[in-house]
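**Student:** Before we start, here is the structure in question, set down as structure tokens.
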Amino acid sequence: MDYWKQAMENALHSRDRVGVQDFVLLEDFESEQAFVENLRKRFTEDLIYTYIGPVLVSVNPYRCVDIYSDDYVNLYRNANFYELPPHVFAISDAAYTSMHEECRDQCILISGESGAGKTEASKKVLHYVAAASHHSDAVERVKDKLLQSNPVLEAFGNAKTNRNDNSSRFGKYMDIEFDYLGAPVGGHILNYLLEKSRVVQQGSGERNFHIFYQLIAGAEDALLEKLSLRRDPTFYYYLNQGDSTEVFGIDDTNQFRIVRDALSVIDFSLKEEEEIFSIVATVLHLGNTGFVEENGEAIIAQDKPVAAIAKLLCCPEEVLRDALTNRTIEARGELVTTPLNRDQAIYARDALAKAIYERLFKWLVEKINHSLKPQKTRSSERRTLMGLLDIYGFEVFKKNSFEQFCINYCNEKLQQLFIELTLKSEQEEYFREGIEWTPINYFNNKVICDLVEEKHKGIISLLDEECLRPGGATDKTFLFKMEQTIRMHPHFVTHNLASNKLKKSIARDEFRLIHYAGDVTYKIEGFLDKNNDLLFRDLKKAMAGASNSIIKDAFPESELLSKKRPPTAATQFKLSLQELMEILMSKEPWYVRCIKPNDFKQASKFDEKVVGHQVQYLGLLENLRVRRAGFAYRRRYETFLERYKCLCPETWPRYRGGTAKEGVAVLIKHLNYASEEYSMGHTKLFIRFPRTLFETEDAFQQRKHYLASVIQAEFRCYSARKKYLKMRKAAILIENSWRRYQAQCLLEKRRNAATVIRRFIKGFITRNEPENDVNARFVRQVRVEFLKRLAANLPTSVLDKSWPNAPLVCKEASKLLHGLHRKWLVRKYCRSVTPKRKALMEWKVEAEALFDGKKQSYKKSVPQEFQENRLPQELELRRENMFEKSVKHQGEVTMYCLEVTKYDRHGYKPRDRVLVLTDAALYLLDRKDFRSKHRIPLKSLEGITVSSLTDGLALFRIPQEMKQDKGDLILDMGSHLVEAVSKIAMAYGHRNIVSVDKNNCVDHRLCGGKQGTIDFNMGANPEILKGKNGHLIVVAIAAPEQC
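In UniProt numbering, the protein residues as written are 1 to 1043.
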């Protein structure tokens, strides 16, 4: 990019080769030839842009030039207007900067002949504004919609002509709305005079509107089948008249894809897209609807096109047929239907096609405007506008009709605006401000505008009168009326009014207007019909009855009910132009004057004659002379002082010495302006050289940084104090609220506490009464507290029978809970007992049943744990090795073992023995060698007798039949008597085998049938011995409770 800038700068100094980049610097500025030659030099070097002061002159290169990339956007962004070479981006940036910084609405007026590049210039302006403005998601969506509206409008409003492959066949004015940040937030489009006659007729080498060819070439097969279309544009009458269905360099297939993408960006739904394409297809089918005539009445030649139209528009086919071949008129309050002949039916068909397409185009513009409509904001928020005018250029064809008349009238109005704003107004301003000035002669085309639009005498007024006149008004009567009314006007000529020399060039059905751009001859044929723009009532009714929502909106039923005659096409166009002029006059204008280098759309070809003619009628030389003689910049004193007052200490921050003019004088004196650099008028300051203004603006931009720091400091101070005060106020408010809240809480807490205490006292007083409203709360609390205390002091053992005392109201519940808890403890204890433990417990129960209350030594045995084996380790080893293996009978299970003392039946001598109990017998073994001394089957025992004292002697009564035994068996079991006897009884299976003798004297059987006696006595020391009387004397100590 730096290389490009340097190369351009070098080229600018090489004036002989590349010319000057601003015509103000042209030495021979009075010469048209020098002007055109400068354009040629720059065009040859691919420098297509040149300035005339702030006006940009653009020459169409008819090829792509690589000067519009993002690098160029960044280069021209925020650059002073004359710092860089001329470019459409420069004028776009200047307009955007003025709008954003000075809050003044701007407009860019792009003018020139058809094919001069106006549409491309407008797209470049829009591209720059979108790229250079603020970026955010919302803004990007608006930018996309603004940019994507172009492909849609071009597809439906542009067409190939002999002069331009992408000619705008409508006028477009776009207002872009910006917020205070300079970001686009919306837009609005106005359209003017769509050339709808092109829908039904095109000249040789020309095409219909692009969308028809794009739809046929780019639509998928399914869509074409749905629309009943063929992929052959030559098949359709409305497309094959110009014999130019394809254009070199234009890809209709790709363009159709671009249009569909653009429609989705601009919020068109899929249903709306389908309806749009259905309407476009309807127009094509209308063109193929032919007629034949029988007996003076038109008959539709083929049913297929009409059926396709009815299907696409969703309207009754019979209604459409009748509307195309009949006409209903109102005569004396009655509706009369008359059939149409073939010519009238073709006229009605074409009128319907034009009306459908025109109203579709208006609906598209309204839909785009709705999508671009900015969101509502606060009324105080600042909004600014930038207008962009891209309208058809001056047109001169071999055959010029009503459309060319309106287009050239529009260009006359724009030229008049240009004169008003740049030439006439500037000179008048110099005189008004008292600035020395040499008047410059120029052609004021107001006389031509008046010829067209003047009331009662203008061409449009005469045309409207002829259209409204009852009787046989025709195009020829209109021409005659013009000859009678404006025959003396110097810019109006007809065959009858022309000199003999001119008569040959003007036919009898033509008239000629001498426009500012040259003479144009208009053929009068069709002026009245096109101005009336009539559509038969039957066709309107058929369209109003269609189900296609777009057609329904475009042909409202209210139009059928209205009996007011709509304004004519020319009058509507005149009114819309007047509105456009008012819009443009309210904004600060910037001009882009487009020039085509030749009439053949050829790149690198520069036709000096063609260019010279455009330079002449565009008034570029007059504009140059004004710029050379005038001043580059002018502003009201108040505005200039307000903007630049910060550059002088005496005017900052406010000038208090007098008027704004005096303040400006002080300011420019401080800035050291030379006398030739400026001039002071009555209300405005005029600066002659751009350089002077740039230096002032640069100083202002540098000064802004200092001022910004001062403002920031002041604002931060203000903001900090404001924030502090706000926080302080908030803190005080919070403190007050918090203290109030705390006091309220405390009061409420105390009230609640008093209520609770009052209730507690009343409840305590009435606690023993039946539960009521007074004591219910207290009673519940008592119950809760009792349950809590009970839960903390529950017995944990079955043996612990303690239970907390319960208040009166809980007595019943306490009793129930006590029983439940006891059952639970028992159940818990029982579930925790092991089988072994259970067996020991049953053993204890058996001992209790046998000896409780009968034998004094029982209580001593209760806390002792019973054991099934009382043998020491030495004897236990012998038992396992000797008894278990050789003595015990097979199949028996050992149940109990104990060391005992046996007293034999011969003198009661004691013998150490080991007692072993199995599940079948009772074994008495020798202690030393574990030989069996006795084996007494359990079932053979007749009984076991013990005394009631604390001794451990037990008498086993054995039957006499047992030969091995010689009397009853006497065993001393010591302190384990209760344990051993209980176990034997359990093994025996009956408790009645055990008897406790309370007489303390027991008889027993000795060998040989003799009887022995055992006496039980109480003594200080326990002992067993034989008495002198031969009895066995057992001395037992007293039980503990008897001591």
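Each residue gets a CB set at the ideal place from its N, CA and C atoms; glycine is no exception.
Checking 9 Å against the spacing of the C-beta atoms, do Leu227 and Ser278 come in under that value?
**Tutor:** yes
**Student:** Using C-beta distances below 7 Å, list every residue in its chain close to Arg198, excluding the 5 sequence neighbours before and after it, in chain order.
**Tutor:** The residues are Ala159, Arg169, Asn208, Phe209.
**Student:** Hey, out of Ala34, Phe81, Met680, whose CA is closest to Phe431's CA?
**Tutor:** Met680
**Student:** Pop quiz: Asp1015 and Gly1030 are said to be a contact at Cβ under 8 Å. What is the actual Cβ separation, rounded to whole angstroms?
**Tutor:** That pair is no contact at about 11 Å.
**Student:** Span of the beta strand (DSSP E) holding Asp1003?
**Tutor:** 1001 to 1005
**Student:** Give me, in chain order, the residues of the same chain whose beta-carbon lies closer than 8 Å to that of Glu525; leave out the 5 immediate sequence neighbours on both sides.
**Tutor:** Counting only residues of its own chain and dropping the five nearest sequence neighbours on each side, Glu525 has a CB closer than 8 Å to the CB of Ser401, Asp475, Asp509.
**Student:** Pick from Ser244, Ile368, Arg487: whose alpha carbon is nearest that of Gln148?
**Tutor:** When only C-alpha atoms are compared, the closest one is Ile368.
**Student:** With Glu677 and Ile687 assumed to form a contact (beta carbons below 8 Å), what rounded beta-carbon distance in angstroms separates them?
**Tutor:** 7 Å
**Student:** Does DSSP put Gln1011 in a helix, a strand or coil?
**Tutor:** strand
**Student:** Taking the beta carbon of Phe600 as the centre, do at least 16 other beta carbons fall within 10 Å, making it buried, or is it exposed?
**Tutor:** exposed
**Student:** Out of Arg342, Leu75, Ser932, state which residue places its alpha-carbon closest to the alpha-carbon of Asn326.
**Tutor:** Arg342
**Student:** In the DSSP output, what is Thr384 paired with across the bridge?
**Tutor:** Phe178
**Student:** Looking at the strands, I want to know which residues DSSP matches up with Ile595.
**Tutor:** Val59
**Student:** Taking DSSP's pairing of strands, which residues face Tyr49 in a bridge?
**Tutor:** Ser58
**Student:** With a 10 Å radius around its C-beta and 16 neighbouring C-beta atoms as the bar for buried, classify Asp929 as buried or exposed.
**Tutor:** exposed
**Student:** Would you give the residue range spanned by the beta strand (DSSP E) that Asn191 belongs to?
**Tutor:** 184 to 192
**Student:** Tell me whether His934 sits in a helix, a strand or coil according to DSSP, three-state version.
**Tutor:** strand
**Student:** Taking 9 Å as the cut-off, decide whether the C-beta atoms of Thr384 and His100 are in contact.
**Tutor:** In this structure, His100 lies closer than 9 Å to Thr384 by Cβ.
**Student:** Go ahead and pull the three-state DSSP assignment for Trp590.
**Tutor:** strand
**Student:** Apart from the five residues on each side of it in sequence, which residues of its chain come closer than 8 Å, Cβ to Cβ, to Val615?
**Tutor:** Closer than 8 Å at Cβ, skipping near neighbours: Glu32, Phe35, Val36, Leu39, Ile595, Leu621.
**Student:** Express the C-alpha separation of Leu955 and Ala1038 in angstroms, rounding to a whole number.
**Tutor:** 21 Å
**Student:** Distance, Cα to Cα, Thr289 vs Glu30?
**Tutor:** If you draw a straight line from the Cα of Thr289 to the Cα of Glu30, it is about 60 Å long.
**Student:** Determine the extent of the alpha helix (DSSP H) in which Tyr923 is found, giving its start and end residues.
**Tutor:** Taken as a continuous stretch (DSSP letters only), Tyr923 belongs to no alpha helix (DSSP H), being part of the beta strand (DSSP E) at 921 to 926.
**Student:** Is it buried or exposed, Pro567, if we count other Cβ atoms within 10 angstroms and call 16 or more buried?
**Tutor:** exposed
**Student:** What's the gap between the Cα of Asn768 and the Cα of Gly819?
**Tutor:** 24 Å
**Student:** When DSSP labels each residue in this structure, what does Phe492 get in the three-state scheme?
**Tutor:** strand
**Student:** Quick one: is Tyr49 buried, meaning 16 or more other Cβ sit within 10 Å of its Cβ, or exposed?
**Tutor:** buried
**Student:** Does the distance from the C-beta atom of Cys897 to that of Glu868 stay below 9 Å?
**Tutor:** yes
**Student:** Just to confirm my understanding: we take Ile329, look at its own chain, exclude 5 residues before and 5 after, and list those with CB closer than 6 Å. What are they?
**Tutor:** Val336
**Student:** Run through DSSP, which three-state label would Tyr68 get?
**Tutor:** coil
**Student:** For the candidate residues Leu707, Ala90, Ser136, Thr97, whose alpha-carbon lies nearest to that of Ala121?
**Tutor:** Ala90
**Student:** Taking DSSP as the reference, what is the three-state secondary structure of Gly171?
**Tutor:** strand
**Student:** Looking only at DSSP bridge pairs, what is Ile944 linked to?
**Tutor:** Beta-bridge pairing links Ile944 to Phe956, Val994.
**Student:** If we require 4 or more residues per run, which alpha helix (DSSP H) segments fall completely within the region 531 to 598?
**Tutor:** 537 to 544, 549 to 554, 557 to 561, 569 to 585
**Student:** Just to confirm the assignment, what range does the beta strand (DSSP E) spanning His515 have?
**Tutor:** 510 to 515
**Student:** What does the alpha-carbon distance come out to for the pair Val20 and Pro54?
**Tutor:** For Val20 and Pro54, the distance between alpha carbons rounds to 15 Å.
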